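Since the structure comes first, as structure tokens, the remarks are kept for the end.
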Amino acid sequence: MSEPIINSQKIFFEYKNEEDGTVFPVLKGIDLKIHDGEFVAVLGHNGSGKSTFAKHCNAILLPTKGDMIVAGINTKEEDRLFDIRQNVGMVFQNPDNQIVATIVEEDVAFALENMGVEPAEIRRRVDEALKQVEMYEYREHAPHQLSGGQKQRVAIAGILAMRPRCIVLDEPTAMLDPKGRREVMKTIRQLNREHGTTVVLITHYMEEAAVSDRVVVIDSGEVLRDGTPKEVFSEVELLKSVGLDVPQVTELVYELRKEGVQLPQDILTEEECYEAIKGLFTKTV
Amino acid sequence: MLRDITIGQYFPGHSFLHRLDPRVKIVLTMIYIVLLFFVHKYVGFAISVVFLGVCYVIAKIPLKMILRSLKPIVPILIFTGILNMLFVNTGEPFFKWGIISISWDGINMAVVMAIRVVCLIAASSLLTYTTSPISLTDAIERLLKPLKVIKFPVHELAMMMSIALRFIPTLVEETDKIMSAQKARGADLESGGLLQRAKALVPILIPLFISAFRRAEELALAMECRCYHGGEGRTRMRQLHMGAGDAIAACITVVVSGAVIAANFLPLPW
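Top line first, the protein sequences correspond to chains S and Z. Take 23 as the starting number for the first sequence in my numbering and just add one per residue. Take 125 as the starting number for the second sequence in my numbering and just add one per residue.
Have a look at this one:
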């Protein structure tokens, strides 16, 4: 296998309280390899360290111990900071606080302008990025005229314009309404499926994690589970013990199994669930 | 109520004036304003007023908009008019009552100043009506570029202006929300004297400031993630191009200026 795009080698991170010198460890030896083209969901409840981990992916934070190798570059190499950030883009929770310019297309161009790309090339890449997130018709709008989901898609386009190999999204849907959430999730899935962009999605919505290829559960700064959604969500009790919910469908199947109904545990989608339950009825009749 | 605020009073359109290069527009507006102070004859004023009027017609700005932009300066006009009439005492007196004497020169001066101020405001409003705030910022950045030599932070200034423009609607919305939240908690924002009302603003301003700081921090982080490192080595997607239209506009302004200055030397009493 080729070299992973994100390669965290037993990284530790701690916050230090400057006043009394107490140390608050956040990451405790996270060891994770993410390869090109993967769609990884990182799950964890509040304070588990998942956002802190995300911030290590493009050198916003540096590990206090261990090495973080991003696109073959150690994040400790300060003079290659911009190489790292071009390879791994980051989208944050609040779309309002990520948009810099007063016009959508100007905002998407922001990163490219910083990188000193030729104007004609900027134009091309901006149009391309806006088409990828399906916001091309809105290119001349002002950000405050857009809905939350649209703003977040503009923020994603702003990152895509850099043509990163990997895009890290830190709870991108947390501040959106259900409609905006669906729009953003659709965009993220398309990016991964159709354009082959590596996606790292930090979330605490189980339904979002269920559509990924790989789920990593982080709890108190450690990787608790790492596997396909089917594998991870089948461990209902373990997830509940660390304060996480499972998708509703899995929950239903879990409760039914507890009551002695013969159902497979690895059901993830509503359709699968429907078929399985229907199958039960036709068997008994 | 807060939603109605429009900054820069941009009046969207696609007229000839809207499409001019913003740099050209700024420079021409400045020339026009300077010109206003060189005019001494009423013929000159007539030409300048007609020229400005024609520009407004070309830009398709309704008369209502001009009047609205002139409304706030009416008190200033009246005040300076009275001062001019009272204190310019040269020439033959037109009216005399005790120590108050009003001369023809004084009235003349008052009228001239009024025309100048009205034209000045109308001309600069025309600039903001036909140029979006973002192109204005862009143009200012480019016009001031030579000042970089003396270490004037041109790029930073332009960046601050555009971020401020970007966040005005966001913060207005936020203020609305905070006001509702405080009202729901029983805050009384509408009654009482001036001092009491000013005091009532404190619970609105404090949350607003805190959130503005938080936003600033997040924005800075997001900008760093997009490789922002100041103005050095930065390119721009939108390039400003001066075209034939700009040349025509510049020529017309020069011709009009010439005519206005020439009018000063005409052997006419007015």
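Backbone N, C-alpha and C define an ideal beta-carbon position, used for all residues, glycine too. Quick caveat, the model's predicted, so the values are computed rather than measured.
### Query
In the DSSP assignment, what are the bridge partners of Z:W221?
Z:I224
### Contact between the stretch 141 to 153 of chain S and the stretch 91 to 102 of chain S (3+ Cβ pairs under 8 Å)
no
### Message
Contact criterion: CB-CB distance below 8 Å. Does Z:Q363 meet it with respect to chain S?
### Response
yes
### Message
Using C-beta distances below 6 Å, list every residue in its chain close to Z:H353, excluding the 5 sequence neighbours before and after it, in chain order.
### Response
none
### Message
Considering only the alpha carbon of each residue, which of Z:V235, Z:F276, Z:S227 and Z:F169 lies closest to Z:S381?
### Response
Z:F169
### Query
What separation, rounded to the nearest whole angstrom, lies between the Cα atoms of Z:R127 and S:Q154?
With a pLDDT of 44 at Z:R127, under the threshold of 50, the predicted position of this residue should be treated as unreliable, and no value is reported.
### Query
So, are the CB atoms of S:D288 and S:K252 less than 8 Å apart?
yes
### Task
Might you give, ordered along the chain, the residues of its own chain that have their beta carbon closer than 7 Å to the beta carbon of Z:R266, omitting 5 neighbours on each side?
R147 and L364
### Task
Evaluate Z:F291 with the Cβ neighbour count: other Cβ atoms within 10 Å of its Cβ, from every protein chain shown; 16 or more gives buried, anything less gives exposed.
buried
### Task
Measure the beta-carbon distance from Z:I264 to Z:A282 and round it to whole angstroms, keeping in mind my assumption that it falls under 8 Å.
6 Å
### Task
Taking all protein chains shown into account, decide if S:G171 is buried (16 or more other Cβ within 10 angstroms of its Cβ) or exposed.
buried
### Task
To the nearest angstrom, report how far apart Z:V198 and Z:F161 are at their CA atoms.
20 Å
### Helix, strand or coil at Z:M347 [DSSP, three-state]
helix
### Message
So if DSSP puts S:N387 in a beta bridge, which residue, or which two residues, is it bridged to?
### Response
As shown, chain S starts at 23 and ends at 307. That puts residue 387 of chain S outside it, with no answer to give.
### Query
Cα separation between S:I28 and S:G71?
17 Å
### Query
Just checking, does the stretch 72 to 88 of chain S make contact with the stretch 122 to 135 of chain S on the three C-beta pairs under 8 Å criterion?
no
### Task
Note down, in chain order, every chain S residue with its Cβ under 7 Å from the Cβ of Z:A346.
F114, N119 and Q120
### Query
Would you say Z:K184 and Z:G222 are within 8 Å of each other, going by their C-beta atoms?
no
### Query
Can you find a CB in chain S that lies within less than 8 Å of the CB of Z:Y134?
no
### Message
To test your reading of the DSSP string, which unbroken alpha helix (DSSP H) runs of 4 or more residues are found completely within the stretch 113 to 193 of chain S?
### Response
126 to 137, 141 to 154 and 170 to 182
### Beta-carbon gap between Z:D229 and Z:D370 smaller than 8 Å
no
### Message
Taking CB distances under 8 Å as the criterion, tell me whether S:M90 reaches chain Z.
### Response
no
### Query
Got a sec: which bits of the stretch 87 to 111 of chain S sit with their beta carbon under 8 Å from any beta carbon on chain Z, in order along the chain?
F104, R107, Q108 and G111
### Task
Name, going along the chain, the residues of the stretch 130 to 141 of chain S whose beta-carbon falls closer than 8 Å to a beta-carbon of chain B.
The structure shown contains no chain B; its protein chains are S and Z.
### Beta-carbon neighbours of S:V384, restricted to chain Z and to distances below 7 Å
Since the first and last residues shown for chain S are 23 and 307, residue 384 of chain S lies out of range.
### Message
If we define contact as Cβ-Cβ less than 8 Å, is Z:H142 a contact residue for chain S?
### Response
no
### Query
Taking Cβ positions only, does S:I144 come closer than 8 Å to chain Z?
yes
### Message
Tell me the rounded alpha-carbon separation between Z:I155 and S:L152.
### Response
41 Å
### Task
Quick one: residues in its chain with C-beta nearer than 8 Å to the C-beta of S:Y158, no 5 flanking neighbours on either side, listed in chain order?
D149 and L152
### Terminal residues of the beta strand (DSSP E) in which S:R236 lies
R236 to D241
### Task
Leaving aside the five residues before and after Z:P327 along the sequence, list all residues of the same chain whose C-beta is less than 7 Å from its C-beta, in chain order.
Q306 and A311
### Message
What would DSSP say about Z:L126, mapped onto helix, strand or coil?
### Response
Residue placement at Z:L126 is poorly supported in this model, since its pLDDT is 44, which falls under 50; the coordinates are not used for a value here.
### Task
Drop a sphere of 10 angstroms on the beta-carbon of Z:V378, count the other beta-carbons inside from all chains shown, and report buried for 16 or more, exposed for fewer.
exposed
### Query
So is S:G265 buried or exposed if we call it buried at 16+ other beta carbons inside 10 Å?
exposed
#### Entry: Contact check, S:T225 vs S:A63, beta carbons under 8 Å
yes
#### Entry: the stretch 246 to 265 of chain Z: positions lying closer than 9 Å to chain S by Cβ
S256, P257, I258 and T261
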